[in-house]
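Residue numbers (my numbering): 340 to 454.
Dropping the structure here:
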C-alpha cells in the first residue's frame, strides 16, 4: 500500500513537472514575444524622438523667420513713415514756393504797370 502511495505521489510529481515545464516553455515564449515588442517600441520611440527634434528645429527656424519678418515689417513701417514725413515736407516747401512765385509774379505785374 505504501508503495502504491509513493508510486502515485511520484506520478503526481511527474505530471506536475510536465505541467511546470509546459508553463516554463509558455512563459519563455511570452518573454521572447515581449522582448521583440520592446525592440519595436524602442524603434518607434527612437523614430518619434528624431521627428520631435525635426519639429523642434523647424519651430526654431520658423520663430527665427518670424522675428526676421517682424524686423523687416518694422523697418518698412519706419521707412514708410519717413517717406510720408518727407512727402509732407516736400508739399510744405512746394506750397511756400508757390506763394513766393505768386508774390514775385505780383511784384512783376506791379513793376510792369509802373513802367
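Glycine included, every Cβ here is placed at the ideal spot set by N, Cα and C.
heavy atom of the ligand MG below 7 angstroms from residue i C-beta
{"i": "residue 447", "result": "This structure does not include the ligand MG; it has no bound ligands of any sort."}
Pairwise C-alpha distance: residue j and residue i
{"i": "residue 413", "j": "residue 396", "result": "26 angstroms"}
{"i": "residue 378", "j": "residue 349", "result": "43 angstroms"}
{"i": "residue 385", "j": "residue 373", "result": "18 angstroms"}
{"i": "residue 369", "j": "residue 356", "result": "20 angstroms"}
{"i": "residue 361", "j": "residue 382", "result": "32 angstroms"}
{"i": "residue 390", "j": "residue 417", "result": "40 angstroms"}
{"i": "residue 352", "j": "residue 359", "result": "10 angstroms"}
{"i": "residue 446", "j": "residue 425", "result": "31 angstroms"}
{"i": "residue 448", "j": "residue 440", "result": "12 angstroms"}
{"i": "residue 367", "j": "residue 354", "result": "20 angstroms"}
{"i": "residue 427", "j": "residue 388", "result": "58 angstroms"}
Neighbourhood of residue i by C-beta distance below 6 angstroms, restricted to the same chain and skipping five residues each side
{"i": "residue 405", "result": "none"}
{"i": "residue 429", "result": "none"}
Beta-carbon proximity list for residue i, same chain, < 8 angstroms, skipping 5 on both sides
{"i": "residue 437", "result": "none"}
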